[in-house]
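For the sequence shown, the working numbering begins at 15 and goes up steadily by one.
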Amino acid sequence: MTPIWLACKASGFAQRIAQKKPHGLSAPLVISLTSYPARFDKLPLTIKCLLTQSMAADHVILWVAHGDKSALTQDILDLQSKGLEIAYCEDIRSFKKIVPTLKRYPESFVVTADDDLYYWPTWLEELVRAYTGNLDEAICHRAHRIRLSKKGLPMPYREWERETQSLEPSPLIFPTSGAGVLYPPGIFHGDAVKKELFMRLCPQADDIWLYWMIRINSRMARKIGTRRKVRWWQDTQQVALYHYNEMGGGNDRQINAMVREYGSPFYFGHN
């Protein structure tokens, strides 16, 4: 048992679920995530953190590929009685995190989460409290700041300002969706849910796709709060996309594909 697990352990689980504040937003609030069999053993830890937030979401929904349904563990299935919703969709990789939710709940506020992280009890409340009613802003806990070349194009991903502490909204703020991003309804361009596009242009990088989809819709992101350490559950990173995207240069290839398709995202309104 790790110290992180102490915050999400079963003791007092039902009581923490019952003691929640209403979110007070103008539309339903949905926490959306996905997972796959290699992560199913640790997934209950993350889900318990999401179900015991200090603020209540209207839905906490886990998207699972149809082909992975039989691999769900009883520990995961049992959490349905505590408020988890499990839904099934086609396997669109990490895009299962949000695309099916955008289709099912198009008028809702959507908060993204990853399946391998610890979420502190006020994680959701902090995002909601930071929302000012501006539908043009995504609110995020963690972001990088894009650095541009003299030609106005993004520099290589590894040269960006990592985990920026800038708290001003900007076209250069690049949210990392796993750490938690609150997306207001209508923030995305209509292409956001088009499988044929995201699977062709950046099939391994949902963060890049989501960033572009708010920028070509003339929206931007704002980071909140101070830097928090990202805490993964033990033994969940062996198959992480990080190894392909960052260490293998996959992010840069997919960014270049997006620039070719949509142009530079830094000049679409609100600059």
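Cβ coordinates follow ideal geometry from the N, Cα and C atoms, glycine included.
Per DSSP, the continuous beta strand (DSSP E) segment holding I187 begins and ends at 187-189.
Closest in alpha carbon position to I106, among E173, A219, P189, S122, is A219. Around the beta carbon of H80, fewer than 16 other beta carbons lie within 10 angstroms, which makes this residue exposed. Around the C-beta of G147, fewer than 16 other C-beta atoms lie within 10 Å, and the residue is accordingly described as exposed. Within 10 angstroms of the beta-carbon of Q67 lie 16 or more other beta-carbons, which makes it buried. DSSP, reduced to helix, strand and coil, places Y171 within a helical segment of the structure shown.
For T87, the closest of H73, W174, Y50 by C-alpha to C-alpha distance is Y50. If the five residues before and after Y119 are omitted, its C-beta is found closer than 6 angstroms to the C-beta atoms of V44, all from its own chain and listed in chain order. The criterion of a C-beta distance shorter than 8 angstroms is satisfied by K56 and W247. Annotated three-state conformation of Y102 is strand, per DSSP.
Setting aside the 5 residues that flank it on each side, A152 is surrounded in the same chain by P189, V195, L196, Y197, P198, I201, I228, R233, M234, A235, R236, each with a C-beta closer than 8 angstroms to its C-beta; the list follows chain order. Cβ contact annotation for W223 (same chain, cutoff 6 angstroms, sequence separation greater than five): F212, C216, in chain order.
Looking at D249, N231, K243, R241, the one whose alpha-carbon comes closest to that of G277 is N231.
Annotated three-state conformation of L65 is helix, per DSSP. Of the residues assessed, R214 falls on the exposed side of the cut-off, its CB having fewer than 16 other CB atoms within 10 angstroms. The C-beta of S191 has 16 or more other C-beta atoms within 10 Å across all chains shown, which makes the residue buried.
Annotation: V74 to K62 spans about 11 angstroms, alpha carbon to alpha carbon. When the beta-carbon positions are compared, T60 and K110 stay at least 8 angstroms from each other.
C-alpha of G239 to C-alpha of Q179: approximately 8 angstroms in a straight line.
If you look at Y276, you'll find it in the alpha helix (DSSP H) that goes 264-276.
When beta bridges are read from the DSSP output, A79 appears opposite C103.
The beta carbon of K243 sits closer than 7 angstroms to none of the beta carbons in its chain outside the five residues before and after it. For Y119, no pairing in a beta bridge is given by DSSP.
Taking a contact as a CB-CB distance under 8 angstroms, the pair L64 and E99 does not count as one, their CB atoms being some 11 angstroms apart. The segment 34-44 and the segment 113-127 touch, with three or more beta-carbon pairs separated by less than 8 angstroms.
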